[in-house]
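Residue numbers (numbering that gives the first Met the number 0), protein chains in the order written: chain A, 0 to 216; chain B, 0 to 216.
2 protein chains.
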Amino acid sequence: MSAALVSGLEAAGYEVSAANSAEEGFFLVHTLRPDLLLLDLTLPQRNGLDVLRQIRKEGIDLRVLILTSHNTVEDRVEGLRTGADDYLGKPFSFTELTARIDALLRRFLMSLPSQFVTIGDLSIDTKSRTASRNSGQLDLTAREFDLLLYLAENRGRTVSREMLAKDVWHENSRFTPINNVIDVQMARLRKKVDDPFEVKLLQTVRGLGFILREPQS
Amino acid sequence: MSAALVSGLEAAGYEVSAANSAEEGFFLVHTLRPDLLLLDLTLPQRNGLDVLRQIRKEGIDLRVLILTSHNTVEDRVEGLRTGADDYLGKPFSFTELTARIDALLRRFLMSLPSQFVTIGDLSIDTKSRTASRNSGQLDLTAREFDLLLYLAENRGRTVSREMLAKDVWHENSRFTPINNVIDVQMARLRKKVDDPFEVKLLQTVRGLGFILREPQS
DNA sequence: ACGCAGATGTAAGGAAAATGTAAGCCAATG
DNA sequence: CATTGGCTTACATTTTCCTTACATCTGCGT
Numbered sequence: 000m001s002a003a004l005v006s007g008l009e010a011a012g013y014e015v016s017a018a019n020s021a022e023e024g025f026f027l028v029h030t031l032r033p034d035l036l037l038l039d040l041t042l043p044q045r046n047g048l049d050v051l052r053q054i055r056k057e058g059i060d061l062r063v064l065i066l067t068s069h070n071t072v073e074d075r076v077e078g079l080r081t082g083a084d085d086y087l088g089k090p091f092s093f094t095e096l097t098a099r100i101d102a103l104l105r106r107f108l109m110s111l112p113s114q115f116v117t118i119g120d121l122s123i124d125t126k127s128r129t130a131s132r133n134s135g136q137l138d139l140t141a142r143e144f145d146l147l148l149y150l151a152e153n154r155g156r157t158v159s160r161e162m163l164a165k166d167v168w169h170e171n172s173r174f175t176p177i178n179n180v181i182d183v184q185m186a187r188l189r190k191k192v193d194d195p196f197e198v199k200l201l202q203t204v205r206g207l208g209f210i211l212r213e214p215q216s
Numbered sequence: 000m001s002a003a004l005v006s007g008l009e010a011a012g013y014e015v016s017a018a019n020s021a022e023e024g025f026f027l028v029h030t031l032r033p034d035l036l037l038l039d040l041t042l043p044q045r046n047g048l049d050v051l052r053q054i055r056k057e058g059i060d061l062r063v064l065i066l067t068s069h070n071t072v073e074d075r076v077e078g079l080r081t082g083a084d085d086y087l088g089k090p091f092s093f094t095e096l097t098a099r100i101d102a103l104l105r106r107f108l109m110s111l112p113s114q115f116v117t118i119g120d121l122s123i124d125t126k127s128r129t130a131s132r133n134s135g136q137l138d139l140t141a142r143e144f145d146l147l148l149y150l151a152e153n154r155g156r157t158v159s160r161e162m163l164a165k166d167v168w169h170e171n172s173r174f175t176p177i178n179n180v181i182d183v184q185m186a187r188l189r190k191k192v193d194d195p196f197e198v199k200l201l202q203t204v205r206g207l208g209f210i211l212r213e214p215q216s
């Protein structure tokens, strides 16, 4: 089933990756950052809806089309309420599937040209290069803004020092003491973004890097 | 919610009137002829989109910013297709709201070329090429006036040195020492526009450029 | 055409802000 | 309790902006 779908969709011009378990799926979602996820609810071990719940909890921006044989109204409602964007019950026609995929991707692309990025009460205006929290303007320097924006664009994902060195500092190699530069700049950014507020958005992931997100339960 | 918005927006310097029903809203739109309508889709009786449809049907020239908790992609697309100019889902940051309002009003105001531009107590007459502050005429040279006018046309927005070089000095490239020319001219303009007064309208945004605006909190 | 005055452009130096560097400390981990 | 990674502080360097003085240009009256 999975193999047939992949070859069919690839023939139709989509770029497809398949996962055969919930764990592999999670890994791919995090690394590839796909535009859309076809989620089969009848997974081997884990409940498909749990997968969806976790994805939504992490705040990943991802269209999800649920694919299942449980085609009752209850399942439909529960799936959509959990955060799915569309629902398709088996058996389905391949044409209908591609039509729905196209519809979802079209909407996805329409909502893209957003000038703003928002994480909790933090709002970033990429056009005027200003940021504010709690309706209060933040006074950031050029590099501080670049750093915050990069973290915001990767919100919910841990960004490594390597990524920061490459994408924010544009350093090809990392044998320079760029490591400490990042730490210092991060501290300066925190002083302005997090220190004056109750909820801390800028968290450290020891051994990996940093992440910008709303604190979880 | 409505009351909080009104007081917040009035504090931010907008002239605001609130309606608590679709009918009252129609009445106000017809009598006050506002520049912009903040439309909450979750109205008591009538569907907010119907209101929008009717306004568009009557051909009233009015920016409409939809405000709603239905923040799904479908609603977004439908709202924009019905004729809204912008869309903001709850919960939203107040800063983002004002930024979007400003963007819409700017587009609106840009479309009708006016003879006068005012920023605070500064008033510029584009026709006679004169400017005054606090009812006192400013004695500006040709280039000083061009510079001030350009900043005024982009008030509230940061203008870069690149923009100034291109649009005020009409220099195609910027490898000339135009950079310093801008600085010097800016200093001369400041001496006349800002130095004799208490509130400074001409601010520099380090690393980006300059901005003409009333000082904020 | 000439010279004057105001306007504009150029260059150099200095001040302040931003950014980078280094060293020591602290906290987590095994 | 040692090791590693991260944080903090103080200081050095770089960048950006402002200022000043002077050079050149332009328009205008004679």
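Backbone N, C-alpha and C define an ideal beta-carbon position, used for all residues, glycine too. In this text the structure is predicted, and so the values were computed from the model without any measurement.
The beta carbon of residue 207 of chain A lies closer than 7 Å to those of 157 and 159 in the same chain, with the five residues before and after it left out.
With a cut-off of 8 Å on Cβ pairs, the stretch 50-70 of chain A is in contact with the stretch 138-156 of chain A, counting three or more such pairs. Not flagged as an interface residue toward chain B: residue 196 of chain A, since no C-beta distance is shorter than 8 Å. With fewer than 16 other beta carbons inside 10 angstroms of its own, residue 41 of chain B counts as exposed. Taking the Cα positions, residue 2 of chain A is about 42 Å away from residue 122 of chain A.
Annotation: the continuous beta strand (DSSP E) that includes residue 86 of chain A extends over 85-88. By the beta-carbon neighbour count (other beta carbons within 10 angstroms, threshold 16), residue 99 of chain B is buried. A check of alpha carbon separations from residue 179 of chain A across A/194, A/163 and A/191 identifies A/163 as the nearest. Bridge partners of residue 202 of chain A according to DSSP: A/210. Spatial neighbours of residue 18 of chain A in its own chain (CB-CB distance under 6 Å, excluding positions within 5 residues in sequence) are listed in chain order as 24 and 27. Contact of residue 141 of chain A with chain B is assigned, a C-beta pair being separated by under 8 Å. Distance from residue 191 of chain A to residue 124 of chain A at the Cβ level is roughly 16 Å; contact not present, criterion being Cβ atoms closer than 8 Å.
Distance from the CA atom of residue 32 of chain B to the CA atom of residue 147 of chain B, rounded to whole angstroms, is 31 Å. Contact check for residue 117 of chain A against residue 95 of chain B passes: the beta carbons are separated by less than 8 Å. Bridge partners of residue 158 of chain A according to DSSP: A/209. Residue contact with chain B for residue 128 of chain A: present (Cβ-Cβ distance below 8 Å to some residue of chain B). In this structure, the CA atom of residue 21 of chain A is about 8 Å from the CA atom of residue 47 of chain A.
Listed along the chain, the chain A residues whose CB falls inside 8 Å of the CB of residue 156 of chain B are 127. Distance from the CA atom of residue 38 of chain A to the CA atom of residue 83 of chain A, rounded to whole angstroms, is 9 Å. For the options B/201, B/0 and B/8, the alpha carbon positioned closest to that of residue 101 of chain B is the one of B/8. In the structure shown, residue 59 of chain A falls within a coil segment according to DSSP collapsed to helix, strand and coil. Close CB contacts of residue 150 of chain B within its chain, under the 8 Å cut and outside five residues either way in sequence, are with 158, 201, 209, 210 and 211 (chain order).
The Cβ neighbour count for residue 16 of chain A, taken over all protein chains shown within 10 Å, is under 16; the residue is labelled exposed. Rounded to whole angstroms, the separation of the alpha carbons of residue 193 of chain A and residue 4 of chain B is 26 Å.
Comparing alpha-carbon positions, the option among A/52, A/167 and A/199 lying closest to residue 213 of chain A turns out to be A/199. Interface flag for residue 92 of chain B against chain A is set, since a Cβ pair is found closer than 8 Å. For residue 192 of chain A, the uninterrupted alpha helix (DSSP H) segment begins and ends at 177-192. The C-alpha of residue 141 of chain A is placed about 22 Å away from the C-alpha of residue 177 of chain B. Any Cβ of chain B closer than 8 Å to the Cβ of residue 145 of chain A would place that residue at the interface, and such an atom is absent. Residue-level contact by beta carbon holds for residue 207 of chain B and chain A, with a gap shorter than 8 Å. For residue 68 of chain A, same chain residues with a beta-carbon under 6 Å away, outside a window of 5 residues either side, are 89 in chain order. When the Cα atoms are used, residue 184 of chain B and residue 167 of chain B turn out to be separated by approximately 11 Å.
The beta carbon of residue 117 of chain A falls within 8 Å of a beta carbon belonging to chain B, placing the residue at that interface.
The residues 61, 62, 63, 64, 100, 103, 104 and 107, in chain order, have a CB closer than 8 Å to that of residue 35 of chain B in the same chain once the five nearest residues on each side in sequence are set aside. Here residue 125 of chain B carries a coil assignment [DSSP, helix/strand/coil].
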